[in-house]
Amino acid sequence: MIKFTQINCPNCDGQIEIPKQSSTVVCGYCNTTVNVKSGEILKENYFMRLQYDLDLATDKMYSWGAKQLGAPKNLGQSKVVESKLVFWPFWVVEVEAKANYTGIQKKPDFKGKDKQKRLSWNKISETGNLDMEQDIFIPANPDTPRSLKEYIIPTKRKEFFDKDQILEVRGTTKTVQMEQKVALQKAKKMMSDVLRKEALKEVDSITKMDEKMKTPAVFLVSIPIWHIKYCYKIRNYDALVDGASGRIVYLEFPRKMAFRAMTLLSGLLHLVIGGGIGVLLVYLGLTSPEVIFPTIFGIAFGLGMLAISLRFFRTAISLKAGMEEAR
Ligand SMILES: [Zn+2]
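Under my numbering, the letters of the sequence shown match residues -12 to 314, in that order.
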């Protein structure tokens, strides 16, 4: 059961019911967005208008799905079993970051003459600057599907939030359960991780990092997502389609038996050959004690082939593909 409490709209004085755990709510009378705790008006609340109705969205989904590795060409003959349109809220934080870092870079150093050349590593201190700008997306509702959390949302064509428009396309909204403050903190933390990763491309370890961050813009945006369950032959599969851009966020699809069989066979072959050669090399290494090399190589080779075969097995079993064309 969702419990409600109430506040009065700071714009029109209308009564707004607050669903449990909501941090911002939209006034049903005047469409004003209000911060529940402070009672302040949040102007920057947007949504993406639905551009793909269920038919368009499923068409796009089937044609994209049919192009996936091992998927049946007649995926379009599937039937939609269930569908709902959910507008998921996200905080979008524009972060500008500048950083100076000091780190240690290992450089190879060859010492000695010809035959007794020895490799050693020189540790060199290096400094550098980073200047980055990024939009960071933070799901504002804890129930946001996992694949949607990783989705980079196109938000260029956003419009001011309008509950009527959402009701008109029979969409449902999800409560905003994260304070703007918290979203800002998270965004900075995420940007800080991005900076460190970037710095670690230049140096092996970071000894000092000075960061300066600005957040020139922060806004809420709700994205229309089609949650679709469709049936191909006798099994059901799930999909998420962005109703604003038509992009496939997540798609489960059937894989043809022939494809699965081939993949499985490839996996087995790798396993057998890898195992065989691996064992042979290990045997060679052990029987000629002066050279340990074949043993080590044999183990490494065997493990490598095992990893490859596991990948084949996973592909044979898996029914998923995620994310169309990441930006
Ligand atoms: Zn109002």
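In this text, a Cβ means the ideal position worked out from N, Cα and C, and glycines have one as well.
*Specify the secondary structure class of Gln64 as computed by DSSP and reduced to three states.*
Against the sequence shown, residue 64 aligns to sequence position 77. Correct three-state label for Gln64: helix.
*asked:* Is it the case that the stretch 138 to 149 contacts the stretch 30 to 43, given that we only count it when at least three CB pairs across the two stretches are under 8 Å?
replied: With three or more CB-CB distances shorter than 8 Å, the stretch 30 to 43 counts as touching the stretch 138 to 149.
*For Asp118 versus Lys94, is the C-beta spacing smaller than 8 Å?*
Taking the sequence shown and counting its residues from 1, the one referred to as residue 118 is at position 131. Taking the sequence shown and counting its residues from 1, the one referred to as residue 94 is at position 107. It is not a contact, given that the beta carbons lie outside the stated cut-off.
*Do you know offhand how far Ala226's Cα is from Tyr88's?*
Start at 1 with the first residue of the sequence shown, and residue 226 comes out as number 239. Start at 1 with the first residue of the sequence shown, and residue 88 comes out as number 101. Within the model, the alpha-carbon separation for Ala226 versus Tyr88 is close to 43 Å.
_Range of the contiguous beta strand (DSSP E) that encloses Val269_ = The residue you call residue 269 lines up with position 282 of the sequence shown. Membership of Val269 in any beta strand (DSSP E) is not indicated; the residue belongs instead to the alpha helix (DSSP H) covering Met244 to Thr274.
*Heavy atom of ligand 1 less than 7 Å from the Cβ of Asn87, yes or no?*
Here residue 87 refers to the residue found at position 100 when the sequence shown is read from its first residue. Asn87 Cβ: outside cutoff for every heavy atom of ligand 1.
*asked:* In this structure, how does DSSP classify Met177 when only helix, strand and coil are distinguished?
replied: Mapped onto the sequence shown, residue 177 falls at position 190. Three-state result, Met177: helix.
_Validate contact between the stretch 158 to 173 and the stretch 68 to 85 using beta carbons, cut 8 Å, 3 pairs_ = Yes, they touch.
*How would you label Asn32, buried or exposed, when you count the other beta carbons within 10 angstroms and need 16 or more for buried?*
Here residue 32 refers to the residue found at position 45 of the sequence shown. Counting the other Cβ atoms within 10 Å of the Cβ of Asn32 gives 16 or more, which makes it buried.
*Name the one or two DSSP bridge partners that Glu343 has.*
Given a span of -12 to 314 for the chain in the structure shown, any question on residue 343 remains unanswerable.
*asked:* Per DSSP, what are the beta-bridge partners of Leu135 in this structure?
replied: Numbered from 1 along the sequence shown, position 148 holds the residue referred to as residue 135. Residue pairing from DSSP leaves Leu135 without any beta-bridge partner.
*At what residues does the alpha helix (DSSP H) containing Ser220 begin and finish?*
The count along the sequence shown starts at 1 and reaches residue 220 at position 233. Here residue 220 turns out to be Lys, not Ser, going by the sequence shown. That residue, Lys220, is in no alpha helix (DSSP H); it is neither H nor E in DSSP.
*Within 7 Å: the Cβ of Gly26 and any heavy atom of ligand 1?*
As a working mapping, residue 26 is identified with position 39 in the sequence shown. No, ligand 1 has no heavy atom inside 7 Å of this Cβ.
*Got a sec: does ligand 3 put a non-hydrogen atom nearer than 7 Å to the Cβ of Asn(-2)?*
As far as ligands go, the structure on display features ligand 1 and does not contain ligand 3.
*Do you know how far the Cα of Glu137 is from the Cα of Ala127?*
Counting from 1 along the sequence shown, the entry for residue 127 is found at position 140. Counting from 1 along the sequence shown, the entry for residue 137 is found at position 150. Counting only the Cα atoms, Glu137 lies some 13 Å from Ala127.
*asked:* Is the beta carbon of Ile215 closer than 8 Å to that of Val67?
replied: Stepping through the sequence shown from its first residue, residue 67 is reached at position 80. Stepping through the sequence shown from its first residue, residue 215 is reached at position 228. For the pair Val67 and Ile215, the CB atoms are nearer than the 8 Å cut-off.
*Is the beta carbon of Val205 less than 8 Å from the beta carbon of Ser134?*
As a working note, residue 205 is residue 218 in the sequence shown. As a working note, residue 134 is residue 147 in the sequence shown. The criterion of a C-beta distance shorter than 8 Å is not satisfied by Val205 and Ser134.
_DSSP three-state label for Val190, please._
Locating residue 190 in the sequence shown gives position 203, counting from the first residue. Looking at Val190 - three-state DSSP - the assignment turns out to be coil, as it is neither helix nor strand.
_Taking its Cβ as the centre, do 16 or more other Cβ atoms sit within 10 Å of Met292, making it buried, or is it exposed?_
Locating residue 292 in the sequence shown gives position 305, where the first residue counts as 1. Flag for Met292 reads buried.
*Indicate the three-state DSSP secondary structure (helix, strand or coil) for Ala226 in the structure shown.*
Position 239 of the sequence shown, counted from the start, is the residue given in the question as residue 226. DSSP places Ala226 in strand when its eight states are reduced to three.
_Quick check on Val73: does DSSP put it in helix, strand or coil?_
Position 86 of the sequence shown holds residue 73. Reduced to three states, the DSSP call for Val73 is strand.
*Contact check, Val21 vs Pro(-3) under 8 Å by CB: the rounded distance?*
The residue labelled residue 21 in the question sits at position 34 within the sequence shown. The residue labelled residue -3 in the question sits at position 10 within the sequence shown. That pair is a contact at about 6 Å.
_Going by DSSP in three states, Gln38 sits in which element: helix, strand or coil?_
Within the sequence shown, numbered from 1, the residue matching residue 38 stands at position 51. Of the three classes helix, strand and coil, the one that applies to Gln38 here is coil, per DSSP.
*asked:* Given 7 Å as the limit, tell me if Thr19 has its C-beta closer than that to any heavy atom belonging to ligand 1.
replied: As a working note, residue 19 is residue 32 in the sequence shown. Within the cutoff, so yes.
*Near Phe300, what residues of its chain come up, given a Cβ to Cβ distance below 6 Å and the 5 sequence neighbours on each side ignored?*
By one-based count along the sequence shown, residue 300 stands at place 313. Correct list, in chain order: Gly254.
*Report all residues from its chain with a CB closer than 7 Å to the CB of Leu106; omit the five preceding and five following residues, and keep chain order.*
Within the sequence shown, the letter at position 119 stands for residue 106. Counting only Cβ-Cβ distances below 7 Å, and skipping sequence neighbours, we find Pro95 and Phe97.
*Close beta carbons around Arg314, own chain, < 8 Å, minus the five adjacent residues each side*: Walking along the sequence shown from the start, residue 314 turns up at place 327. Because Arg314 carries a pLDDT of 33, less than 50, the predicted location of this residue cannot be relied on, and no value is offered for it.
_Between the alpha carbons of Met177 and Ser209, how many angstroms are there, rounded?_
The residue you call residue 177 lines up with position 190 of the sequence shown. The residue you call residue 209 lines up with position 222 of the sequence shown. Approximately 21 Å between the Cα atoms of the pair.
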